[in-house]
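Asker:
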Amino acid sequence: MSHGRESSGTAVITANAVRKTFGGGSVVAVEDADFTVRKGEFISLVGPSGCGKSTLLRMVAGLLERSSGVLQVHDRDVHGPSRSVAMMFQKPTLLDWRTSIENVLLPTEIAGRVGDDDRRKAMELLDLTGLRDFAFSFPSQLSGGMQQRVALARLLQTGADILLLDEPFGALDEFTREHLNVELMRIVAEVDATTLFVTHNIGEAIYLADRVFVMTPRPGRIAGIVEVPFERPRAPSLQQGAEFNSLVSDVRKIFEGAK
Amino acid sequence: MTETADLGGRAPRSRNRAIAAKHLAIFLALIVSWEIACRFGWLDPLFFPYPSAILVGFWRLYVSQGNIWPHLGLTMAEVLAGFAAGSALGIGLAICVGMVDRLRRYLKPYVIVLEATPRIAIGPVIIAAFGFGWTSKTAIVMLVCFFAPFVNTLNGMVGVEAEKLSMFRSMGANKVQTFTKLLLPSALPEISAGLRLAMASALGGALVAEFIASNAGLGVLITQYTGTLNMTSAFVCVLTLSALGYFIFRGMEALDRIVVFWSDRDRIDAAGRRRKAAWRARMGDRA
Ligand SMILES: Nc1ncnc2c1ncn2[C@@H]1O[C@H](COP(=O)(O)OP(=O)(O)O)[C@@H](O)[C@H]1O
Ligand SMILES: [Mg+2]
C-alpha cells in the first residue's frame, strides 16, 4: 500500500489559471485555480459552502466547461466527460426501480453489454463496500448510509482511475459519516485510485488526505495547500493528536489570511 | 424480512372481511331506507323509483329485453378507443417535447391556454367536423384524455433531479439511454397518475358528447328514458355507469401497482426475491 505521499508520481490532473464565471461574467465561481494532482494521491478540497468546490469538481469531470485556463486529465484537455473520471454526489442518485446490484451495473450497461464477468465484478464491489447481503434490495429498503455504499460501488464499477466525490457523506449523521470515511480510505487504497474529495469539514479533510486544498470564497480560489504527513493506514484516534491539531490550525490560518 | 411480510399479509385479510361486511350493511341500510322513503311518499317515485322497481328494471334491460347491450358496448368502445388514442398521443407528444428543451419553452403557453379551455366547449365543433356517429364521440373522449397524461409525463420528465442527469452524463450516456433508463422510469408514477385522471374523465366525456348529439350509446338511452319519464330504466343506465366507473378505477389502480411496483413494500420484496433467483440461476449459487 504505497498509497500517495511520494511527490514523484506522474501528474494525472493539471490545472493552470482555470477560471469559471456565471451570468455572463458577473459571478466569478472559480478564480485562477493552479494545481497538480499526482497518480494515487488523495486530495481533499475544503472550504465554506458557495466557494466553488462543486464548480471546480464539475469542470474536472467534464460536466461544466471552464471559462478560461488550461485543464488536463492524463495530459489531455478536458472537454466533456471521460471514461477515466467518475463522480459521486451528495445525494445517492440511485434508481429506485433497480436493486443494489442492478444500480452498480448501470455504468457497464451504459458503456455496452453486460457480461458475467461484469456481474461478478459488481458483486465483488458490493462485497468491498460491505453490502453483499443487500445486493437484491431496492434503494427504498436501505438506509442513507447503505445507499451511499451502493453509490460508491457503482462509482468503482465505472473502472475510472480518477474518483471525484462531492461531499459524498455530507447528508449522513456523524457516526455513519466517520465510519464511511474510514471505509473510503481502505477502499480507494485497495483499488489504487486518485481521489478528489470535497468537504466543508476541516478535520475530515485532513484525516483522509495526502494534501488538503484550502478554498476561500468571493472569488473562489485555492488559497493554500497543506501537506498531511501521516502514514497509512490511519487510525481514527489520530484525530485527537497534537500534530493533527496543528494541521487544523494551519488550515484555519489560511482561511483567516484570506479575509 | 420475509416473515414480517407474511405476517403483515395475513392480519389485514380478516380485517378486510370485517370492513366488507360493514360496507354491505351500510349499503343495505341505504337501500332499505330509500325504499321506505318512497313508500311513505317522502321521495317522489316518479323521479326516484323504488329500489325494487330498479331491480326489476335491471332484469328487463339486461335480460328479458336486453336492449341495453348495444348501447353499453358502443359507449365502452368510445371510451376505450378515445382513452387509448388520447393518452398515447399525450404521452408521445410529451416525450418528444421533453427531450427537446427548446420545444418545451415555446409550447408552454399553448398548453396553458388549452388546459384552461373547458374541453367540452370544443365538443360541438368536433361534432360539426366528425358528425353524429361514434367517430366524433371517440374524438371528444380523446381530447378529454389527452391533457392529464401529457402534462404529467412532461412534469415527470422535467422533475428528474439535476444530479441524476449529471450522473448519466458523466457515465457517457446517450440520449436514448438517458430516456429509457432514467427519464421514462422516473416519470412512470406521474404518467400512471395521469392515466388514472384521464380514465376518470373519459366516461364523463363520452356521456356528455352523447348528450350533445348522438343516435346511440348510454347517454342517448338516458336522455330517451328521462324524456319519456321512464325513470326506472334511466336509473338502471346510471347505475350501470357507476359500476363501470368503479371497475375502471379499480383496474387503473391495479395497473399502477404493477407498473410502479417500487412504491409498494410487498411488491418490492417479491421483486427482490425474483431477481435474486434469476441471478442465482444464471451465476450459480454464489449469489
Ligand atoms: N449554474 C450556475 N449558475 C450561476 N451561478 C452558479 C451556478 N453554479 C454555481 N454558481 C455559483 O457559483 C458559486 C460556487 O458554487 P458551488 O461550486 O456550488 O459552491 P460549493 O460547492 O463550494 O458550495 C456560488 O456562488 C454559486 O451561487
Ligand atoms: Mg457544493
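Just so you know, the protein sequences line up as chains A and B, in that order.
No gaps in the numbering here: position 35 of the first sequence is 35 in the numbering used here, and each next residue is one more.
No gaps in the numbering here: position 258 of the second sequence is 517 in the numbering used here, and each next residue is one more.
Built from N, CA and C at the ideal position, the CB exists for glycine as well.
Because the structure is a prediction, the values reported are computed rather than measured.
1) Between the segment 102-113 of chain A and the segment 444-463 of chain B, do three or more beta carbon pairs fall short of 8 Å?
2) Rounded C-beta distance between isoleucine 254 of chain A and alanine 223 of chain A? I'm assuming under 8 Å.
3) Nearer than 7 Å: is that true of the beta carbon of alanine 29 of chain A relative to any heavy atom of ligand 1?
4) Return the CA-CA distance between tyrosine 309 of chain B and proline 448 of chain B, expressed in angstroms with no decimal places.
5) Compare the Cα-Cα distances from valine 497 of chain B to each of B/Leu314, B/Ile278 and B/Asp360 and report the closest residue.
6) Can you give the Cα-Cα distance for arginine 298 of chain B and leucine 488 of chain B, rounded to whole angstroms?
7) Between serine 68 of chain A and ligand 1, is there a pair consisting of the residue's CB and a ligand heavy atom that are separated by less than 7 Å?
8) Roughly how many angstroms separate the alpha carbons of phenylalanine 307 of chain B and tryptophan 293 of chain B, rounded to a whole number?
9) Below 9 Å between beta carbons is the criterion; list the residues of the segment 199-212 of chain A that meet it against any residue of chain B, in chain order.
10) With H, G and I counted as helix, E and B as strand and the rest as coil, what does DSSP make of arginine 218 of chain A?
11) How many angstroms separate the CA atom of serine 501 of chain B from the CA atom of glutamate 374 of chain B?
12) Should phenylalanine 405 of chain B go down as buried or exposed, given a rule of 16 or more other Cβ atoms within 10 Å for buried?
13) Excluding the 5 residues flanking lysine 20 of chain A on each side, which residues of the same chain have their C-beta closer than 8 Å to its C-beta?
14) Mind pulling the chain B residues with CB within less than 9 Å of aspartate 116 of chain A?
15) Run the Cβ filter for me: residues under 7 Å from any heavy atom of ligand 2, listed in the order they occur in the chain.
16) Are the CB atoms of valine 251 of chain A and valine 214 of chain A within a distance shorter than 8 Å?
17) List, in chain order, every chain B residue whose beta-carbon is nearer than 8 Å to that of phenylalanine 89 of chain A.
18) Per DSSP, what are the beta-bridge partners of leucine 165 of chain A in this structure?
19) Taking 7 Å as the cut-off, is the beta-carbon of phenylalanine 175 of chain A closer than that to any non-hydrogen atom of ligand 1?
20) When the Cα of glycine 144 of chain A is compared with those of A/Arg177, A/Arg154, A/Val70 and A/Glu109, which residue comes out closest?
21) Would the beta-carbon of valine 495 of chain B fall within 8 Å of that of phenylalanine 342 of chain B?
22) So is methionine 358 of chain B in contact with chain A if we call contact Cβ pairs under 8 Å?
23) What do you reckon, are the CB atoms on leucine 362 of chain B and valine 356 of chain B nearer than 8 Å?
24) Using a Cβ-Cβ cut-off of 6 Å (strictly less than) and excluding sequence neighbours within five positions of glycine 257 of chain A, which residues of its own chain qualify?
25) When you compare the CB of alanine 432 of chain B with every CB in chain A, is at least one pair closer than 8 Å?
26) Leaving out five residues before and five after glycine 476 of chain B in sequence, what residues of the same chain have Cβ atoms less than 6 Å from its Cβ?
27) Can you tell me whether arginine 113 of chain A is buried or exposed, with buried defined as 16 or more other CB within 10 angstroms of its CB?
28) How about glycine 220 of chain A: is its Cβ closer than 7 Å to a heavy atom in ligand 1?
29) May I ask whether a heavy atom of ligand 1 can be found less than 7 Å away from the beta carbon of glycine 170 of chain A?
30) Taking only three categories from DSSP, how would you classify phenylalanine 307 of chain B?
31) Hey, how far is the Cα of leucine 442 of chain B from the Cα of glutamate 420 of chain B?
32) Using 8 Å as the threshold, is the C-beta distance between glutamate 41 of chain A and arginine 149 of chain A below it?
33) For my contact list, proline 444 of chain B and tryptophan 97 of chain A are in at a C-beta cut-off of 8 Å; report their separation, rounded to the angstrom.
34) To which residues of the same chain is methionine 458 of chain B closer than 7 Å at the C-beta, ignoring the five residues directly before and after it?
35) Name the chain B residues that come within less than 9 Å of arginine 66 of chain A, Cβ to Cβ?
36) Would a C-beta distance cut-off of 8 Å place glycine 345 of chain B and leucine 402 of chain B closer than the cut-off?
Answerer: According to the structure shown:
1) no
2) Counting from one through the first sequence, the residue named residue 254 of chain A turns up at place 254. Counting from one through the first sequence, the residue named residue 223 of chain A turns up at place 223. Contact holds; Cβ gap of about 5 Å.
3) By 1-based counting over the first sequence, the position of residue 29 of chain A is 29. Yes - ligand 1 has a heavy atom lying nearer than 7 Å to the Cβ of alanine 29 of chain A.
4) The sequence position of residue 309 of chain B within the second sequence is 50, counting from 1. The sequence position of residue 448 of chain B within the second sequence is 189, counting from 1. When rounded, the distance between both Cα atoms is 44 Å.
5) Along the second sequence, one-based indexing puts residue 497 of chain B at 238. Answer by Cα proximity: B/Leu314.
6) Reading the second sequence from its first residue, position 39 is the one you call residue 298 of chain B. Reading the second sequence from its first residue, position 229 is the one you call residue 488 of chain B. Rounded to the nearest angstrom, the two C-alpha atoms are 19 Å apart.
7) Position 68 of the first sequence, counting from 1, holds the residue named residue 68 of chain A. No - ligand 1 has no heavy atom lying nearer than 7 Å to the Cβ of serine 68 of chain A.
8) Stepping through the second sequence from its first residue, residue 307 of chain B is reached at position 48. Stepping through the second sequence from its first residue, residue 293 of chain B is reached at position 34. Approximately 9 Å, taken between the alpha carbons.
9) So the list is empty, because no residue satisfies the distance condition.
10) Reading the first sequence from its first residue, position 218 is the one you call residue 218 of chain A. Arginine 218 of chain A: coil per DSSP, three-state reduction.
11) Within the second sequence, numbered from 1, the residue matching residue 501 of chain B stands at position 242. Within the second sequence, numbered from 1, the residue matching residue 374 of chain B stands at position 115. Serine 501 of chain B and glutamate 374 of chain B: Cα-Cα distance of roughly 27 Å.
12) Counting from 1 along the second sequence, the entry for residue 405 of chain B is found at position 146. So phenylalanine 405 of chain B counts as buried.
13) The residue given as residue 20 of chain A occupies position 20 in the first sequence. The residues are Val28, Ala29, Val30, Gly52, Thr55, Leu56, Met59, Leu64, Arg66 and Ser67.
14) The sequence position of residue 116 of chain A within the first sequence is 116, counting from 1. For a Cβ distance threshold of 9 Å, residue set Arg541 and Met542 of chain B lies close to aspartate 116 of chain A, ordered along the chain.
15) A/Ser49, A/Lys53, A/Ser54, A/Asp166, A/Glu167 and A/Val198
16) Residue mapping note: residue 214 of chain A aligns to position 214 of the first sequence, counting from 1. Residue mapping note: residue 251 of chain A aligns to position 251 of the first sequence, counting from 1. Contact: yes.
17) Position 89 of the first sequence, counted from the first residue, corresponds to residue 89 of chain A. Simply Glu422, Ser425 and Met426.
18) As a working note, residue 165 of chain A is residue 165 in the first sequence. Answer is A/Met88 and A/Phe197, bridged to leucine 165 of chain A.
19) The residue labelled residue 175 of chain A in the question sits at position 175 within the first sequence. Incorrect: phenylalanine 175 of chain A has no Cβ contact closer than 7 Å to ligand 1.
20) Locating residue 144 of chain A in the first sequence gives position 144, where the first residue counts as 1. Considering only alpha carbons, the answer is A/Arg177.
21) For the purposes of this step, residue 495 of chain B is taken as residue 236 along the second sequence, with counting starting at 1. For the purposes of this step, residue 342 of chain B is taken as residue 83 along the second sequence, with counting starting at 1. For valine 495 of chain B and phenylalanine 342 of chain B, no; Cβs fall outside 8 Å.
22) Counting from 1 along the second sequence, the entry for residue 358 of chain B is found at position 99. Methionine 358 of chain B does not count as touching chain A.
23) As a working mapping, residue 362 of chain B is identified with position 103 in the second sequence. As a working mapping, residue 356 of chain B is identified with position 97 in the second sequence. Yes; because the gap between Cβ atoms is below 8 Å, this pair is in contact.
24) For the purposes of this step, residue 257 of chain A is taken as the residue at position 257 of the first sequence. None.
25) Position 173 of the second sequence, counted from the start, is the residue given in the question as residue 432 of chain B. So yes, alanine 432 of chain B belongs to the interface.
26) Here residue 476 of chain B corresponds to residue number 217 of the second sequence, with the count starting at 1. Closer than 6 Å at Cβ, skipping near neighbours: His330, Leu333, Thr334 and Glu469.
27) Counting from 1 along the first sequence, the entry for residue 113 of chain A is found at position 113. Classification of arginine 113 of chain A: exposed, given that the 10 Å Cβ count is below 16.
28) To locate residue 220 of chain A, count along the first sequence from 1; it is residue 220. At a cut-off of 7 Å, the beta-carbon of glycine 220 of chain A counts as near ligand 1: some heavy atom of the ligand is closer than that.
29) Counting from 1 along the first sequence, the entry for residue 170 of chain A is found at position 170. No, Cβ of glycine 170 of chain A sits at least 7 Å from all heavy atoms of ligand 1.
30) By 1-based counting over the second sequence, the position of residue 307 of chain B is 48. Of the three classes helix, strand and coil, the one that applies to phenylalanine 307 of chain B here is coil, per DSSP.
31) What you label residue 442 of chain B is simply residue 183 of the second sequence in a count that begins at 1. What you label residue 420 of chain B is simply residue 161 of the second sequence in a count that begins at 1. One C-alpha to the other measures close to 10 Å.
32) For the purposes of this step, residue 41 of chain A is taken as residue 41 along the first sequence, with counting starting at 1. For the purposes of this step, residue 149 of chain A is taken as residue 149 along the first sequence, with counting starting at 1. Cβ atoms of glutamate 41 of chain A and arginine 149 of chain A: not closer than 8 Å.
33) Here residue 444 of chain B corresponds to residue number 185 of the second sequence, with the count starting at 1. Here residue 97 of chain A corresponds to residue number 97 of the first sequence, with the count starting at 1. Right, the Cβ-Cβ distance comes to about 5 Å (below 8 Å), so this counts as a contact.
34) Counted from its first residue, the second sequence places residue 458 of chain B at position 199. Correct list, in chain order: Phe342, Ile507 and Met511.
35) As a working mapping, residue 66 of chain A is identified with position 66 in the first sequence. Under the 9 Å cutoff, chain B gives no residues; its nearest Cβ is about 16 Å from arginine 66 of chain A.
36) Here residue 345 of chain B refers to the residue found at position 86 when the second sequence is read from its first residue. Here residue 402 of chain B refers to the residue found at position 143 when the second sequence is read from its first residue. A contact, by the Cβ cut-off of 8 Å.
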